[in-house]
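For the sequence shown, position 466 matches number 465 in numbering that gives the first Met the number 0, and the numbering has no gaps at all.
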Amino acid sequence: MAGFYREVKLGAVTVVIDLKSLPVFETEESFFFGYPLGKNLNSVSSDNIGTSLNSIRGYFLFLSIKHDRIIIANDICGGFRLYHCQIDNKIYLSDRYLILLRLLGSSKPLKRNDNEYHLWERQRYTSGERTFVEGLNKLAPASLGLINSDGFSHSIYFDDICNQPDVKQHLSTSYDELIEGFQLLKEDLTQKLLFFSGGMDSTLLALLMKKMGVEFHSIFLLAKPFYRDNYSDYLHAKAVADLLKIKLIVEEVDIQKGLDESNQIVERMLFDRHYSLLHFVGAEQLVKRFGTTSIFISGQTADSILSFGPSAKTKGDLAARVLMRWPGSPMARLAAMAVIRKHGRKFRIPQGEAEFLSAFFDPHEYYAMENIDTPDSVRDYFQKMVQPLTDKLHNKLSLMMYLKLYGFIQSSDNQVVIQSARKAGVNKVFLPFATPGFIYATVRYLNPNKDVISPKYVISKLLKQFGYSPPVTNYNTEGVDFHSEEIIKEKIQERYFKASSEIFNQTEMELTERM
Numbered sequence: 000m001a002g003f004y005r006e007v008k009l010g011a012v013t014v015v016i017d018l019k020s021l022p023v024f025e026t027e028e029s030f031f032f033g034y035p036l037g038k039n040l041n042s043v044s045s046d047n048i049g050t051s052l053n054s055i056r057g058y059f060l061f062l063s064i065k066h067d068r069i070i071i072a073n074d075i076c077g078g079f080r081l082y083h084c085q086i087d088n089k090i091y092l093s094d095r096y097l098i099l100l101r102l103l104g105s106s107k108p109l110k111r112n113d114n115e116y117h118l119w120e121r122q123r124y125t126s127g128e129r130t131f132v133e134g135l136n137k138l139a140p141a142s143l144g145l146i147n148s149d150g151f152s153h154s155i156y157f158d159d160i161c162n163q164p165d166v167k168q169h170l171s172t173s174y175d176e177l178i179e180g181f182q183l184l185k186e187d188l189t190q191k192l193l194f195f196s197g198g199m200d201s202t203l204l205a206l207l208m209k210k211m212g213v214e215f216h217s218i219f220l221l222a223k224p225f226y227r228d229n230y231s232d233y234l235h236a237k238a239v240a241d242l243l244k245i246k247l248i249v250e251e252v253d254i255q256k257g258l259d260e261s262n263q264i265v266e267r268m269l270f271d272r273h274y275s276l277l278h279f280v281g282a283e284q285l286v287k288r289f290g291t292t293s294i295f296i297s298g299q300t301a302d303s304i305l306s307f308g309p310s311a312k313t314k315g316d317l318a319a320r321v322l323m324r325w326p327g328s329p330m331a332r333l334a335a336m337a338v339i340r341k342h343g344r345k346f347r348i349p350q351g352e353a354e355f356l357s358a359f360f361d362p363h364e365y366y367a368m369e370n371i372d373t374p375d376s377v378r379d380y381f382q383k384m385v386q387p388l389t390d391k392l393h394n395k396l397s398l399m400m401y402l403k404l405y406g407f408i409q410s411s412d413n414q415v416v417i418q419s420a421r422k423a424g425v426n427k428v429f430l431p432f433a434t435p436g437f438i439y440a441t442v443r444y445l446n447p448n449k450d451v452i453s454p455k456y457v458i459s460k461l462l463k464q465f466g467y468s469p470p471v472t473n474y475n476t477e478g479v480d481f482h483s484e485e486i487i488k489e490k491i492q493e494r495y496f497k498a499s500s501e502i503f504n505q506t507e508m509e510l511t512e513r514m
């Protein structure tokens with residue numbers, strides 16, 4: 000099987016690098032994997048990587064191999080998933096966790112990390128550095144790692160930025176960052192496919208690309224059989240595409256085909272539990288139509304980056320944002336009372352900063368409240384996990400943003416876009432909102448109070464500058480035969496939980512056969 004393999008001796012330490020990915024470009028001692036976007040990337044080396052990372056867009060892994068050390072680094076959101084483990088004096092790095100599971104399982108029985116499993120059960124993902132298998136670790140988002148004769152160490156390069164609320168500056172800096180990203184993308188002459196739902200995020204991306212003369216195809220993945228939410232999105236996407244005068248390519252996706260292949264999908268997404276078969280089957284069909292050299296562009300992460308709390312404008316989502324913004328205020332107490340009335344008395348407002356950060360990292364349906372049923376061992380685990388980050392990031396908004404990266408941003412929603420593309424053979428995936436410049440603009444200039452009342456105000460204001468207002472529509476779905484999406488989710492959920500238990504019982508041969 001083609002891939003990248005190196006075995007490097009560093010004193011008493013041996014490092015084995017086994018990647019399915021191939022470098023997208025390389026110098027004598029440095030390699031880039033994934034889809035990095037930046038100026039003069041061929042001049043990036045182990046000597047200047049630390050000062051270069053915050054200027055590189057896209058998802059990527061950087062690797063530098065020298066006679067006395069190995070340097071590794073990844074993108075700010077941890078989009079390029081690298082697993083690692085250590086067995087005796089050997090350190091293993093791979094983008095395929097099954098390789099490492101086989102090695103770990105051959106040395107001793109695999110053991111479950113119950114705290115990470117708790118997080119995976121509740122939130123559908125494991126934390127930025129861990130999995131629910133003891134000893135099987137991930138490279139955390141925004142990591143700069145060093146391996147030498149002393150072993151493996153890493154730090155995060157995420158900037159500690161003081162928040163200075165300024166809506167005007169937030170808009171202009173965010174706009175400039177998006178423009179610069181698309182300018183780099185424009186230099187890549189391969190076909191560009193924008194996943195277009197007609198929502199604010201993909202609409203803004205379409206308008207920006209039109210403005211810059213970037214040629215692209217707008218794609219909507221329509222599930223067959225029909226599901227109510229997806230079909231409503233389809234009708235909306237058609238209406239917005241007509242308004243923008245762009246052609247909408249509708250790719251009909253057979254969900255049953257995805258269900259038939261779901262074991263492979265579950266295996267790929269095991270630590271990032273996601274129920275969308277649409278992405279995986281859709282990516283395969285798009286490859287047949289446009290080829291593997293296409294660039295997939297998605298507005299994924301806009302909500303996660305721009306809003307501290309859910310971005311919808313329901314009363315429940317407003318309550319969640321209040322609890323995150325003003326946890327000790329009278330308004331938060333009122334919001335907490337509403338949550339308790341709806342979900343029961345097992346919740347309370349966090350007491351102190353450590354409890355708040357733990358609840359922020361492991362919320363209940365986006366509500367940053369302490370669940371009194373959470374075992375003390377789990378609560379202690381999360382608080383110990385957060386402590387080193389608080390030592391590094393002293394500004395609260397920087398810390399909270401990195402906790403989002405360390406939690407859900409590095410996981411399910413981003414990984415489903417990247418992994419579905421890579422499974423179909425597409426390496427080029429670009430998430431314009433998941434870049435250092437866009438993230439840092441939010442940390443530096445976000446008006447947190449305005450975010451509570453008007454989440455994602457940056458997107459809505461930029462759309463207004465384009466003169467855009469969404470079409471007023473009343474979609475008629477009478478006579479459309481809708482199927483229940485919940486049935487599919489239940490089947491996929493069963494397969495995830497079955498797979499999560501099976502890996503602890505499989506033999507080395509069975510793990511090898513799955514690779």
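Ideal placement from N, C-alpha and C gives every residue a C-beta, glycine not left out.
As the structure is a computational prediction, the values presented were derived from the model and not from experiment.
Next on the checklist: Tell me which residues share the same chain as residue 92 and place their Cβ nearer than 8 Å to its Cβ, disregarding the 5 neighbours each side in the sequence.
Outcome noted: 14, 15, 16, 17, 18, 71, 81, 82 and 83
Item to check | N- and C-terminal bounds of the alpha helix (DSSP H) containing residue 390 | outcome: 375-391
Item to check | Residues near residue 35 in its chain [Cβ-Cβ closer than 6 Å; skip 5 each side] | outcome: Cβ-Cβ distances below 6 Å link residue 35 to 55, 57 and 59 in the same chain, with the five nearest sequence neighbours on each side left out; the list follows chain order.
Item to check | Start and end residues, beta strand (DSSP E) containing residue 271 | outcome: That residue, residue 271, is in no beta strand (DSSP E); it is neither H nor E in DSSP.
Checklist entry - From residue 452 to residue 321, what distance separates their C-alpha atoms? => result If I take the Cα positions, the gap works out to 9 Å.
Item to check | Backbone CA spacing between residue 164 and residue 252 [nearest angstrom] | outcome: 44 Å
Checklist entry - Relative to the alpha-carbon of residue 450, which residue among 304, 389, 287 and 140 has its alpha-carbon at the smallest distance? => result 304
Item to check | CA-to-CA distance, residue 190 to residue 358, given in whole angstroms | outcome: 43 Å
Next on the checklist: Which runs of the beta strand (DSSP E) at least 3 residues long sit entirely within the region 203-238? Give them in chain order.
Outcome noted: 216-223
Checklist entry - Per DSSP, residue 30 forms a beta bridge with which residues? => result 25 and 62
Checklist entry - Along the chain, where does the alpha helix (DSSP H) that runs through residue 181 open and close? => result Looking at the DSSP string, the run of the alpha helix (DSSP H) that includes residue 181 is 166-185.
Item to check | Per-residue DSSP class, three states only, for residue 46 | outcome: coil
Checklist entry - For residue 486, does the count of other Cβ atoms within 10 angstroms reach 16, so buried, or fall short, so exposed? => result Looking at its Cβ environment, which holds fewer than 16 other Cβ atoms inside 10 Å, residue 486 is exposed.
Next on the checklist: Measuring CB atoms only, is the region 347-366 touching the region 475-493, in the sense that at least three cross pairs come out at less than 8 Å?
Outcome noted: no
Checklist entry - Is DSSP giving residue 54 helix, strand or coil here? => result Residue state, collapsed to three classes: helix.
Checklist entry - Are there three or more Cβ pairs, one per stretch, closer than 8 Å when the region 463-478 is compared with the region 333-342? => result Output reads no: the region 333-342 does not touch the region 463-478.
Checklist entry - Measuring CB to CB, does residue 408 end up less than 9 Å from residue 300? => result With contacts defined by Cβ atoms closer than 9 Å, residue 408 and residue 300 form a contacting pair.
Checklist entry - Does DSSP put residue 13 in a helix, a strand or coil? => result strand
Next on the checklist: Run through the DSSP bridge pairs and tell me what residue 91 is partnered with.
Outcome noted: 15 and 84
Checklist entry - Which partner residues of residue 136 appear in the DSSP bridge assignment? => result 83 and 129
Checklist entry - What's the call for residue 73, buried or exposed, on a 16-neighbour Cβ count within 10 Å? => result Residue environment: residue 73 is assigned as buried (16 or more neighbouring CB atoms within 10 Å of its CB, all protein chains considered).
Next on the checklist: Going by DSSP in three states, residue 191 sits in which element: helix, strand or coil?
Outcome noted: strand
Checklist entry - In angstroms, rounded to a whole number, what distance separates the CA positions of residue 435 and residue 105? => result 40 Å
Checklist entry - With distances taken from CA atoms, which of 112, 233 and 202 is nearest residue 476? => result 233
Checklist entry - Looking only at DSSP bridge pairs, what is residue 6 linked to? => result BP columns for residue 6 point to 15.
Next on the checklist: Measuring straight from C-alpha to C-alpha, what distance separates residue 261 and residue 446?
Outcome noted: 42 Å
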